[in-house]
Amino acid sequence: MMTRTALPLLLVLAAASTAAGELHAGRRLLIRPMPGTALGLTCRNTLLGPWMYADEKGMLCRADDLDHKSGCCRTGDLHSCTTCDTHDRCCEGYEACVSCCLSPAHGAKERLPEVPRVPGRKESGTWTDAFELCAAVCRTHSLSTSHENSYISPRHHCFSRLGKPMLSPPLPAGALEGVTIVMGTPGFSCDATCERLGQRCSPPHLRPLDTCDRLREVVACEAGCVVEGPRDVVPAYADGDAPKADRPALCVASSSGGVADGSSGGGAYSCAASGQHMRRLCPCVAGGGGTQQPKQQQQPAQQQQQQHSGSGGEHARTEPRAPQEQPQQAPQEFKQDQGGPGNTERR
1 MMTRTALPLL LVLAAASTAA GELHAGRRLL IRPMPGTALG LTCRNTLLGP WMYADEKGML
61 CRADDLDHKS GCCRTGDLHS CTTCDTHDRC CEGYEACVSC CLSPAHGAKE RLPEVPRVPG
121 RKESGTWTDA FELCAAVCRT HSLSTSHENS YISPRHHCFS RLGKPMLSPP LPAGALEGVT
181 IVMGTPGFSC DATCERLGQR CSPPHLRPLD TCDRLREVVA CEAGCVVEGP RDVVPAYADG
241 DAPKADRPAL CVASSSGGVA DGSSGGGAYS CAASGQHMRR LCPCVAGGGG TQQPKQQQQP
301 AQQQQQQHSG SGGEHARTEP RAPQEQPQQA PQEFKQDQGG PGNTERR
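Residue numbering for the sequence shown follows this note's numbering, beginning at 1 and increasing consecutively.
This is the structure:
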């Protein structure tokens, strides 16, 4: 039997429970307002926060300046590119990347027909507007990493077609015109590599190839890329089957060229140098008197053992294996009107 004092107490507890439930529901709504007509929002935004937002108009603002009723930034910077590089179009923050990408000067609307929702799959369809495209391509992905979750650069949010930050200035137009870029076999010099293709190695073209950016255009550099002092085998990449001491899967570039020449403080690049586990990045041009591939495939194993040891590597493979090169087209100089890859694997 309920006493007279117990009934008021139960009513108070019920009222308190109802108020707490309403407050909790209100908090859930205010924590992350989702765009949509049901909420009366007139702007879509990046939502991720928690400190910065970019709305669909290209306005970049702090969380305090976001109007949660409309979804728009009340104040901020329109098409902010202050943390972005104009050459590779990569930014330090996701929201800044979206804001900069939405600038009419960067042509996001013009790129809508060519960027699929799923990279490499045209059947997935395309994005409906510039905001959707920019919000997708600015997310980080495998191209912006050097190994697992290690980023190439703090500017790893990119909206260029290249999709990754560049650590060196873009090559001038025509710098590698008429040059075939070849990743050689471990232990082979560039002279031997180009000779097997019936071409010759061009020493002057080793200098524009001697950067981590050029190496990453050809190989994955799974263990990263380092810039060291003058070496005779740069640019190069050690084979994945190299001993641990030789830093397998590491790309190596030079800070000042190949072997120091002692006169200008720079370096002289060598087409003849080789390393036991090194795969050299070679520039081959027409005009060589070299022989075709079958002549070089029988190179004695002891000849490779006499080469200098190095560092770096590509895909792990079981040795011995038949020597093979990977001809590559000369990388095009970076064009400033390029846009992003549309890869959306990770934030």
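Glycine residues also receive a C-beta, built at the ideal position from the N, C-alpha and C atoms. In this text the structure is predicted, and so the values were computed from the model without any measurement.
Under 7 Å between C-beta atoms of residue i and residue j
{"i": "Gly90", "j": "Pro165", "result": "Residue identity differs from the one stated: residue 90 is Cys in this sequence, not Gly. In this structure, Pro165 lies closer than 7 Å to Cys90 by Cβ."}
{"i": "Ala253", "j": "Gly240", "result": "no"}
{"i": "Asp65", "j": "Cys72", "result": "no"}
{"i": "Ser80", "j": "Ser99", "result": "yes"}
{"i": "Glu202", "j": "Val285", "result": "It is worth fixing the name first, because residue 202 is Ser in this sequence and not Glu. Going by C-beta atoms, Ser202 is nearer than 7 Å to Val285."}
{"i": "Gly187", "j": "Gln276", "result": "yes"}
{"i": "Asp210", "j": "Val234", "result": "yes"}
{"i": "Ser189", "j": "Ser274", "result": "yes"}
{"i": "Val364", "j": "Tyr237", "result": "Because the chain in this structure spans residues 1 to 347, residue 364 falls outside the shown range and cannot be described."}
{"i": "Asp77", "j": "Leu60", "result": "yes"}
Cβ-based neighbour list, residue i, same chain, cut-off 6 Å, excluding 5 preceding and 5 following
{"i": "Ala301", "result": "Confidence at Ala301 is low in this model, with a pLDDT of 33, below 50, so its placement is unreliable and no value can be given for it."}
{"i": "Thr46", "result": "Tyr53, Ala54, Glu95 and Val98"}
{"i": "His308", "result": "Only weak support exists for where His308 lies, its pLDDT of 32 falling under 50; the coordinates are left without a value."}
{"i": "Ser103", "result": "His79"}
{"i": "Cys419", "result": "Since the first residue shown for the chain is 1 and the last is 347, residue 419 is missing from the structure and cannot be characterised."}
{"i": "Glu56", "result": "Cys43, Arg44 and Phe131"}
{"i": "Lys122", "result": "Pro116"}
Start-to-end residues for the beta strand (DSSP E) that takes in residue i
{"i": "Glu228", "result": "Cys225 to Glu228"}
{"i": "Leu60", "result": "Met59 to Arg62"}
{"i": "Ala348", "result": "This structure cannot speak to residue 348, because the chain is shown only from 1 to 347."}
{"i": "Ala245", "result": "First-last for Ala245: undefined, no H or E at that position."}
{"i": "Pro283", "result": "Met278 to Val285"}
{"i": "Arg155", "result": "No beta strand (DSSP E) holds Arg155; DSSP gives it neither H nor E."}
{"i": "Ala238", "result": "Ala236 to Ala238"}
{"i": "Pro170", "result": "Run containing Pro170: none; DSSP gives neither H nor E here."}
{"i": "Thr140", "result": "Per DSSP, Thr140 belongs to no beta strand (DSSP E) and is neither H nor E."}
Same chain only: Cβ atoms within 8 Å of residue i, ignoring 5 sequence neighbours per side
{"i": "Gly287", "result": "Gln199 and Arg200"}
{"i": "Pro113", "result": "Thr126"}
{"i": "Gly49", "result": "Ala63"}
Beta-carbon contacts of residue i that lie in its chain and below 7 Å, excluding the five residues immediately before and after
{"i": "Lys109", "result": "Ala130"}
{"i": "Gln67", "result": "According to the sequence displayed, residue 67 carries Asp and not Gln. Result list for Asp67: Arg74, in chain order."}
{"i": "Thr83", "result": "Cys91, Glu92, Gly93 and Ala96"}
{"i": "Met34", "result": "Because Met34 carries a pLDDT of 46, less than 50, the predicted location of this residue cannot be relied on, and the following value inherits that uncertainty. Correct list: empty, nothing qualifies."}
{"i": "His24", "result": "Confidence in His24 is poor, its pLDDT being 45 and thus under 50, which makes the residue's placement unreliable; the coordinate value appears in the next sentence. Contacts found: none."}
Unbroken alpha helix (DSSP H) run spanning residue i, endpoints
{"i": "Cys99", "result": "Before going on, a small fix: residue 99 reads as Ser here, not Cys. Element bounds for Ser99: Tyr94 to Cys101."}
Any C-beta of chain B under 7 Å from that of residue i
{"i": "Glu222", "result": "This model lacks chain B altogether; it includes just one protein chain."}
Handout entry: Completely contained alpha helix (DSSP H) runs for the segment 176-221, where each covers 4 or more residues
Key = 190-195, 206-209 and 212-216
Practice task
Could you say if the segment 269-280 and the segment 193-210 meet the contact criterion of at least three C-beta pairs nearer than 8 Å?
Solution key: yes
Exercise for the section: Determine contact between the segment 78-96 and the segment 152-160, defined as no fewer than three beta-carbon pairs at a distance below 8 Å. Expected result: yes
Handout entry: At least 3 beta-carbon pairs within less than 8 Å: the segment 118-133 vs the segment 168-176
Key = no
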